Amino acid sequence: MAIVAMKYVLFLSHISESEAVLRGLQDIGVLHPKHIKRAADSEQLKNLEHKLHVQSTVIKSLSDRHIKNHAMDSAILPSIWDVESWLADEKKFIEGIAKIEREIEKQACLGDFNPEDVKRLSHNGVSLQLWSASKREFAEYSKKSEVHIHVISSHDDVCFATLSLKGPVELSFALEREVPNSSLSALRDELSDLRRRLESISAQIDSATAYLPSYRKKNVALTEERDFYETLSRAFEEESISAFAGWVPADDIEHVEEMVHKSFPGVFMKARDPMEDENPPIKTKNSWLASVFEPLLHILGFPKYGGIDPALFFAPSTMLFFGICFSDAGYGAIMVLIGAIAKKLLSAKIPAIRFVSNMTILLGLTTVVWGLATGSIFGIPFAQREWILVDVAPDVGDPMLLFKISIVAGVLHISIALMISIISSNNFSERMIKAGTLFVLWGGALAMIKYSIWPYIAGAGILLILTFSSDAKNPLKRLGAGIWGVYGLTGLLGDVMSYARLFGLGVASGAIASVINVLAVDVRGAVPVVGILLSIIVLLLGHSFNFAMGVMGALVHPARLHAVEAFPKCVQLSGAPYKPLEKI
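Heads up: the sequence shown begins at -12 in my numbering, then just goes up one per residue.
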């Protein structure tokens, strides 16, 4: 269950050799071509220069902090863009703190009041103005003032307010102060919040200093890349250089280098690892079982490079769901027979048939096993049913048993998807949210069977989601995000109930087969001689139709359950297929 590592390879040759080099690469059949623009005509050099500038700035900023022997918080290297964003936030917080401190110092003598009170006074016809003046001049004015005066503070100067019902007053001896937009208490709260956020972001940046050796190594590689493309740009100006590039599996690099150096000694070849913003094509390397179902999986999409390949998860669950949906041993035996014949007769002529025939055989075997377990063989109603392990026949068995099995299968399927996400995620908060969802899922499942521990499991899950849905410092924002996350759990019931379609298809397949048999018997009895022939026609046409519709439904609905219910919880299918240049 692995995505093959890729290398980006660039080839430079004289224009006269380019066709021969491409022919040689086509013979090997491992190069996935990638369009390359001439560096002088593209944004490639500008992008490299920008990345190098950002990376150099970040390295200098981290080095200037002079923090030694800081322990790594994680084995995962923080992105250089994340660190740049942290540094920008730190600068913004420092500037914000300085601005608020100046405002607090400016307003200190005016005291703490609510600006809304000033608006209410103005609305009621009272004009409030703020002033500062020397003690001597204020003392003289206060003796003869015709408006109400309120002293706010008295230090070197006197800060006071005038309240007038006749409109604004003019005081030539005093300096009028602007009415603040925020109270001192609000400014102090904002200052405390900014200091907390600054402390948090500074701690993150300090932790990134532990990765300075890795950033410097990346910087050297990026500098080499920039210098290379600058040289390439100048070479293109001569119109004699041919360049082509592509992706090659890391295991095949030595083979390609050997071919190029041996057959084309004048050709320059450069290989490197993928950059963060690149999306290499996807080639997978899986076990036999997983590889059989890869063509069906790739209809849904290809996993993202660097992510999880869900093939080993997809293969057994598809087999199980197909068996439940088709649920007839007779039809399953026909599938095994068709697959075996196709493999025997056609695989030599059409190699791709081998995968399809193997998948047909495996799905047929699963259907045979499930059909025997449920006592369904071409819809024949058996009188003796003691041998049936899971009797879900509508009249003589318990169809709801199949419904319960389908729901249990859904709970297990979603649980595995969530566990894959927990294991593969690099984000601690995301892991905790997925774990919380898993606990709630199993809490609900245990509640259905009246297991007394279920409230504690579900409660623990809800607590995890409430706690880790946001990393905001503001507790109200954090609580709001948590409540929204808990509200999102309401969709979990719908996700599980989607698996009831397995029950519906499983019951329908057997019921239709049984109806076809009854219809054939009725036709046979209705007409003495021709009835036998008509009965055979009814059986052949009816079961052929049921077989075709059953196969279609048993393929489509399990694929839908993977694409809609399971994969969004654990994997991104946003990759591009690996298509090497090769001879057909």
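Beta carbons: idealized from backbone N, C-alpha and C, even for Gly.
Since we're looking at a predicted model, the values are computed, not measured.
Quickly, what does DSSP pair Met(-7) with across the bridge? List them, please. Pro236
At the level of alpha carbons, what is the spacing between Ser43 and Leu35? 12 Å
Exposed or buried, what is Ser344 when buried is set at 16 or more other beta-carbons lying within 10 Å of its beta-carbon? buried
Tell me which same chain residues have a C-beta within less than 7 Å of the C-beta of Pro155, skipping the five on either side of it? Ser114, Gln116
The alpha helix (DSSP H) spanning Pro442 covers which residue range? 441 to 455
Please work out which residues of its chain come closer than 7 Å, Cβ to Cβ, to Val398, disregarding the five sequence neighbours upstream and downstream, and give them in chain order. Leu428, Ala432, Val483
The stretch 357 to 375 in contact with the stretch 325 to 333 per 3-pair CB rule at 8 Å: no
Going by DSSP in three states, Ile562 sits in which element: helix, strand or coil? Just to set this straight, residue 562 is Gly in the shown sequence, not Ile. Looking at Gly562 - three-state DSSP - the assignment turns out to be strand.
Among Gln191, Leu542, Arg89, which one has its Cα closest to the Cα of Leu64? Gln191
Is it true that the CB of Lys(-6) sits closer than 8 Å to the CB of Val235? yes
So what does DSSP say about Cys557, is it helix, strand or coil? coil
Do the stretch 178 to 186 and the stretch 135 to 146 touch if we need at least three Cβ pairs shorter than 8 Å? Fewer than three beta-carbon pairs drawn from the stretch 178 to 186 and the stretch 135 to 146 are found closer than 8 Å, and the two stretches are therefore not classed as touching.
Ser412, DSSP secondary structure in three states: coil
Measuring straight from C-alpha to C-alpha, what distance separates Ile15 and Ser229? 20 Å
I need the DSSP call for Arg511, collapsed to helix, strand or coil. helix
Output yes or no for whether 8 Å exceeds the beta carbon distance between Ser170 and Phe100. Yes; because the gap between Cβ atoms is below 8 Å, this pair is in contact.
Under the rule that 16 or more other beta-carbon atoms within 10 Å means buried, what is Val8, buried or exposed? buried
Can you tell which of Ala161, Ser119, Val166 has its C-alpha closest to the C-alpha of Lys106? Val166
Would the beta-carbon of Lys270 fall within 8 Å of that of Val(-9)? yes
Residue span of the beta strand (DSSP E) that contains Ser114, given as start and end: 114 to 121
Span of the beta strand (DSSP E) around Met262: Element bounds for Met262: n/a, residue is neither H nor E.
Assuming Ala148 is part of the beta strand (DSSP E), what are its boundary residues? 144 to 151
Could you tell me whether the stretch 195 to 208 touches the stretch 64 to 76, where touching means 3 or more Cβ pairs closer than 8 Å? yes
Tell me the residue span of the alpha helix (DSSP H) that contains Arg52. Run containing Arg52: none; DSSP gives neither H nor E here.
Assign Lys421 to buried or exposed, taking buried as 16 or more other Cβ atoms, counted over all protein chains shown, within 10 Å of its Cβ. buried
DSSP three-state label for Ile139, please. strand
Beta carbon of Cys312, beta carbon of Leu548: below 8 Å? Contact flag unset, no.
Counting pairs of beta carbons, one from the stretch 231 to 245 and one from the stretch 291 to 310, are three or more of them closer than 8 Å? no
Check the DSSP bridge columns for His1 and list the partner residues they point to. Ile228
Taking one C-beta from the stretch 349 to 359 and one from the stretch 307 to 325 each time, how about it: are there three or more such pairs within less than 8 Å? yes
Cβ-Cβ distance between Met419 and Leu451 below 8 Å: yes
Look up Ile338 in the DSSP assignment and say whether it is helix, strand or coil. Per the sequence shown, residue 338 should be read as Pro rather than Ile. Pro338: coil per DSSP, three-state reduction.
Are at least three pairs of beta-carbons, each pair with one atom in the stretch 377 to 389 and one in the stretch 492 to 499, less than 8 Å apart? yes
Once the 5 residues before and after Ile444 are set aside, which same chain residues still bring their CB inside 7 Å of it? Phe426, Trp429, Gly430, Leu433
Check whether Ala546 and Leu287 have beta carbons under 8 Å apart: yes
Is Pro20 helix, strand or coil when you go by DSSP? strand
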